[in-house]
Amino acid sequence: MSASKTDYSQLIPAAIRDSFLKLDPREQVKNPVMLVVFLGAIWTTVTLFTSFSGFNLQIAIWLWFTVLFANFAEAMAEGRGKAQANALRQARTQTMARRLRNGVEERVASTELRKGDLVACEANDPIPADGEVVEGVASVDEAAITGESAPVIRESGGDHSAVTGGTRVLSDRIVIRISADPGAGFLDRMISMVEGARRQKTPNEIALGILLVSITVLFLFAVFTLPAFCAYSEQAAGQKDVVNTSAPVLVSLLVCLIPTTIGALLSAIGISGIDRMIRRNVIATSGRAVEAAGDIDVLLLDKTGTITLGNRMATAFHPAPGVEERQLAEAAQLSSLADETPEGRSIVVLAKDLHGLRARDFLPSHVDFVPFTAQTRMSGIDIKVDDDGAPMTTRSIRKGAAEAIRQEVERQGGKFPAQVRNAVEVISKAGGTPLVVAEGVTVLGVVQLKDVVKGGIKERFSQLRKMGIRTVMITGDNPTTAAAIAAEAGVDEFMAEATPEMKLQRIRAEQAEGHLVAMTGDGTNDAPALAQADVGVAMNTGTQAAREAGNMVDLDSNPTKLIEVVEIGKQLLMTRGALTTFSIANDVAKYFAILPAMFATLYALKPGAPGPLAALNIMGLHSPESAILSAVIFNALIIIALIPLALRGVAYRATGASQVLLRNIIIYGLGGVIAPFIGIKLIDMLLVTLHLA
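Mapping to UniProt numbering: the sequence shown position 484 is 484, numbers consecutive.
Set out below in structure tokens:
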């Protein structure tokens, strides 16, 4: 499922249609702030039958536009998710499966499969449902899910055993144990999530909603006590019917003073946060997880694949005393000819680049490759050499861990040079991995392997630090190597020789101190820590247990994505805060637009003359009618104007909470005060020009 560009030519018409469908009272009641506007629009419309006027008609029309624009904002956000869901539905096809019963295959529809069933898949077979590989190894095309064309390897017994229904086997044969019943698979849950069917309001969203409802209730009481206040003031001033307190005017005042802007956009902001995750191929199981990502202050990151490239690379040859570097490079290259690991290939390449050495061809009968084993901790090659017709001799070359080579050399009666031992210690302290090379009883030197830290990762950690987020590197390396890599990468702390139990204990300790923790993982042994973390991002290539334990799944299986997840969460909170600030600040300007105009002639010295409160009409609006109508129109149009910002999110900056707050106050607070003054004045002038007020 790759993130494609939004097709607005289809999205906008669908959102307009959905805006009218959302006028259903069952939909409106979900948003208390906009429910008030909805009821106000109905009330104003009803009053047209008893007191029709052009002014009242325009008020009613623009109140309905306010409701429709709020519906449109939500429909636009949901529409982008529905587009993703349609793409996923195309991947979820009903297929025939080869179910195994007592070792015998039977063909059944994929809808008949149940959790625990075993199915066999061979080359070109679609995988009928979610499951785990329990037998065999195969390459799998997951382009329908991840958008990546390159096949991936899925095998039994490891951390890359999970398969997803809708993908396709490209080679070999595997047996899969089904892990989900029909309708409960990974694709089904993804579709429900992106469509918003299971989107629940997050704690922060609920808290903000309570605040907005409280403000709305406060203004509700304030506005509907105005008629009594006006009646008393008119009697005290000896004036009659100088203040318009009709239903359309009172509703207009209420709608303009309650936080309709953020009330209209709040749902769209939340849905768009999930949508931005999806566009980065991250599936969040709940909006709560996205929001929690924005509050994270501790990141636990695996070293391999996240901080480093994941493959150690040969970077230098350190010959023993009396040995030329070229001789060491040749022996290291020969011992690596059959080594298909990235480390082995990098040794062959380094020897070629530094000394022009190229791999040589040998007769199969003259070569015996010695594979690496966990017991010997070394590998190598035995080569039969014919010296100009003399009897063939054997060159026995080995490379491996320093201690393993030392024992092998001393077993044959040789000595392990102190200079080589010192070189091994220096490389280890520098964060590298030493591989010692020996030929027979002669130690030739050391090959230095280095974990390559990803480019730009130090700068990203620096950005996180500015945001108040502490980074902790987790690695199985020894403390010396871990400390060197941590210093190069710029992480704040590290955990060396870490075990799954240590990860879980560390997360619990951080949470006990009041921190919110995020981490990534892909194995079954990572599942407890993923479940414990506030944000657990499971790799799609990982086991089913890991994917179910986390509250997010990264379809790209890129551990570095955790940093982007935190940034999206931060952006969600920043967007919500910015637009809330803007919305509340709007009320200040609308207060100065409507109330002074309503009371402009109260306590006037003579009929029709401006009264004392007219001095507050600092915008110089034409009349009470034009002022009220201008404020209502601006209140509706500003929702449409802010929809792109709500969907896109405010510009992300790696700064602390205090800087974000200051920026919000300056840009969105001050801007929220100034924009309505300008907008309402321009609308007032336009209405007067068009003789609409």
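Even glycine gets a Cβ: it sits at the ideal position worked out from N, Cα and C.
Per the coordinates, the alpha-carbon of Ala430 lies some 20 angstroms from the alpha-carbon of Leu350. Within the model, the alpha-carbon separation for Pro479 versus Ala284 is close to 35 angstroms.
Where Met685 is concerned, the enclosing alpha helix (DSSP H) starts and stops at Leu670 to Thr689.
Given a length threshold of 3 residues, each whole run of the beta strand (DSSP E) inside the stretch 59 to 141 is given here in chain order: 96 to 101, 104 to 109, 118 to 121 and 131 to 141. For Pro434, the enclosing beta strand (DSSP E) begins and ends at Gly432 to Glu439. Around the Cβ of Asp353, a 10 Å sphere holds fewer than 16 other Cβ atoms; the residue is exposed.
Between the C-alpha atoms of Gly263 and Glu142 there is a straight-line separation of about 40 angstroms.
Val323 sits in coil when the DSSP states are folded into three classes, being neither helix nor strand. Judged by pairs of C-beta atoms under 8 angstroms, the stretch 523 to 535 touches the stretch 502 to 511, as three or more such pairs exist.
By the C-beta density criterion, Gln448 is buried, having at least 16 other C-beta atoms within 10 angstroms.
Taking 4 residues as the shortest admissible run, the stretch 241 to 273 contains the following complete alpha helix (DSSP H) segments, listed from N- to C-terminal end: 247 to 257. Following the DSSP letters along the chain, one finds Ile283 inside the beta strand (DSSP E) bounded by residues Val282 to Ala284. CA-to-CA, the gap between Glu325 and Ile307 works out to about 31 angstroms. By the CB criterion at 7 angstroms, Ala97 and Ser110 fall inside the cutoff. The way I'd put it, the stretch 247 to 264 does touch the stretch 627 to 635; three or more beta-carbon pairs between them come closer than 8 angstroms.
Inclusion of Lys466 and Gly294 in the CB contact set at 7 angstroms is not warranted, their separation being larger than that value. For Ala289, DSSP records no beta bridge to any residue.
With contact defined as three or more Cβ pairs closer than 8 angstroms, the stretch 421 to 440 and the stretch 393 to 402 are in contact. Three or more beta-carbon pairs separated by less than 8 angstroms link the stretch 442 to 457 to the stretch 402 to 417, which places the two stretches in contact. Taking a cut-off of 8 angstroms on C-beta distances, the stretch 218 to 238 does not touch the stretch 264 to 273, as fewer than three cross pairs fall below it. Rounded to whole angstroms, Val553 and Val282 show a C-alpha spacing of 6 angstroms.
The stretch 288 to 304 and the stretch 466 to 476 touch, with no fewer than 3 CB-CB distances between them shorter than 8 angstroms.
A buried status is given to Asn540, since no fewer than 16 other beta-carbon atoms sit within 10 Å of its beta-carbon. Distance between Ser379 and Glu408, taken at the CA atoms: about 12 angstroms. If you compare the alpha carbons of Phe72, Ala512, Leu647 and Leu113 with that of Glu27, the shortest gap goes to Phe72. Residue state for Lys606 is assigned as coil, using DSSP reduced to three classes.
In the DSSP assignment, Gly521 falls within the beta strand (DSSP E) that extends over Val517 to Gly521. If you look at Val565, you'll find it in the alpha helix (DSSP H) that goes Lys561 to Met598.
Here the C-alpha atom of Ala546 lies approximately 9 angstroms from the C-alpha atom of Ala162. For Asp477, the three-state secondary structure derived from DSSP is coil. For Arg99, same chain residues with a beta-carbon under 6 angstroms away, outside a window of 5 residues either side, are Glu106, Val108, Asp117 and Val119 in chain order. Note on geometry: alpha-carbon atoms of Ala498 and Pro644 lie some 45 angstroms from one another. For Gly445, the pairing in a beta bridge is given by DSSP as Pro319 and Val437. Residue nearest to Val152 within the set Asn635, Leu555, Ile563 and Phe69 is Leu555 (criterion: CA-CA distance). Restricted to the stretch 484 to 564, the beta strand (DSSP E) segments that are unbroken, complete and at least 3 residues in length are 493 to 495, 517 to 521, 535 to 539 and 552 to 554, listed in chain order.
Contact between Ala423 and Ile457 fails: their C-beta atoms lie close to 28 angstroms from each other, not under 8 angstroms.
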